[in-house]
Amino acid sequence: MEYSDILHNLKKGIYHPIYLLQGEEAYFIDELSDYIEDKVLTDAEKGFNQTIFYGKDSDPVNIVEASLRFPMMASKQVIIVKEAQSLSKIETLTSYAEKPLASTILVLAYKYKTLDSRTKLAKAIKKNGVLFTSKKLYENKIPGWIDGFLRTHNYTITPQAALLLTSYLGTDLSKIANELNKLVIAVKDTTKITPEHIEKNIGLSKEFNILELQNALGEKNVLKANRIINYFGSNPTLNPIQKTVAGLYFYFSKLFTYHFLKDKSERNVAAELRVHPFFVKEYVSAAKRYSPTKLYEIMGVLREYDMKSKGFNVSTMVETGELQKEMIYKILH
């Protein structure tokens with residue numbers, strides 16, 4: 001089952017006797033586990049009917065015994081095993097999973113790993129309950145996820161602002177959700193989030209960031225590119241060279257890919273480059289300024305400065321700000 005389907009069923013009061021919430025993306029696991037913990041039972045029912053275990057400190061036998069109890073003055077009891085990936089001998093739960101108690105909701109929050117689908121335990125849970133695998137989202141999917149998250153709070157976000165947040169926060173959904181929750185509390189004058197709101201409330205400059213650097217290089221705007229890279233050099237903690245190199249490598253790789261696309265329609269370019277359709281024209285325009293040969297050379301420059309930032313092929317200690325300036329010069333010339 002998908003995350004949205006599980007959450008929809010929970011909100012409708014459709015419960016299963018056992019849930020295995022597993023996978024690399026902890027955010028979805030936490031959201032489902034927290035919903036069950038907070039919403040299934042009333043506060044009065046929780047005292048006798050809700051038990052929290054922690055994998056590292058728990059014995060599967062005790063979890064089974066707790067799961068076999070009947071609820072007191074309630075229709076359900078909730079058993080949640082947090083950090084279940086640390087549970088020793090988790091396969092001991094197999095016999096229970098094969099015949100779970102209908103009045104118990106057992107939740108196994110199995111983060112950052114997945115249970116072998118060939119095991120009897122995984123098969124039993126899939127047959128009698130819900131087996132959900134939470135996958136990491138690729139970076140190109142994050143802006144869409146941000147848009148969807150904000151829409152549930154009756155807000156929208158411009159494509160530029162969503163991409164700006166993605167470039168700054170990466171793919172950690174818990175971190176992103178935390179910042180978005182702050183935004184919806186702080187922004188009262190409108191329901192549309194813009195780069196200006198991000199700059200004001202999160203502290204990320206809308207003028208001096210990796211996206212603006214990409215745009216400046218794409219336009220071959222030497223003055224703007226140098227202003228941004230000088231700002232990066234004066235703020236190395238917020239703008240480490242490794243992050244700059246990674247961002248530029250992905251950007252120029254997309255330009256390189258564009259040159260070899262047979263179908264250069266806007267829709268196909270957006271799909272192949274994994275970019276929002278809003279930005280396709282910018283990529284097409286930038287690709288016209290850089291030949292495949294030059295782009296191949298640029299990717300070599302980026303690899304060179306990635307190595308230099310790690311201390312290779314550098315005779316003396318050079319400040320990362322100076323390395324970034326050298327790198328941008330070689331890209332533009």
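Note that full-length UniProt numbering has the sequence shown beginning at 1, numbered continuously upward. For each residue, glycine too, the CB sits at the ideal point set by N, CA and C.
- A buried status is given to V130, since no fewer than 16 other beta-carbon atoms sit within 10 Å of its beta-carbon.
- By the criterion of a C-beta distance shorter than 7 Å, K224 is surrounded in its chain by A216, once the five residues flanking it on both sides are discounted.
- In the three-state reduction of the DSSP assignment, V130 falls in the strand class.
- The closest CA to that of I6, considering only F132, L68, D38 and I79, is found on F132.
- For G23, the enclosing beta strand (DSSP E) covers residues I18 to G23.
- DSSP places T257 in no beta strand (DSSP E) but in the uninterrupted alpha helix (DSSP H) bounded by I241 to H259.
- By the criterion of a C-beta distance shorter than 6 Å, H197 is surrounded in its chain by V187, once the five residues flanking it on both sides are discounted.
- L106 sits in a strand when the DSSP states are folded into three classes.
- Secondary structure in the region 126 to 179: the beta strand (DSSP E) runs of 3 residues or longer, each lying completely within the stretch, are 130 to 134 in chain order.
- A distance below 7 Å separates the beta carbons of F278 and P159.
- Here the alpha carbons of L21 and P143 stand approximately 24 Å from one another.
- In the three-state scheme derived from DSSP, where H, G and I count as helix and E and B as strand, V78 is classed as strand.
- The beta-carbon separation of I52 and K111, rounded to 15 Å, does not stay under the 8 Å limit for a contact.
- Here the alpha carbon of Y290 sits roughly 15 Å from the alpha carbon of Y329.
- Pairing A97 with A124 gives a Cβ-Cβ distance under 7 Å.
- Sequence-distant Cβ neighbours of L204 in its own chain, meaning closer than 7 Å and more than five residues away, are L164, Y168 and I198.
- V40 has its alpha-carbon roughly 11 Å from the corresponding atom of S33.
- Across the structure, I18 and N128 are spaced so that their CA atoms are roughly 7 Å apart.
- With distances taken between CA atoms, I331 lies nearest to E219 out of S234, E219 and K262.
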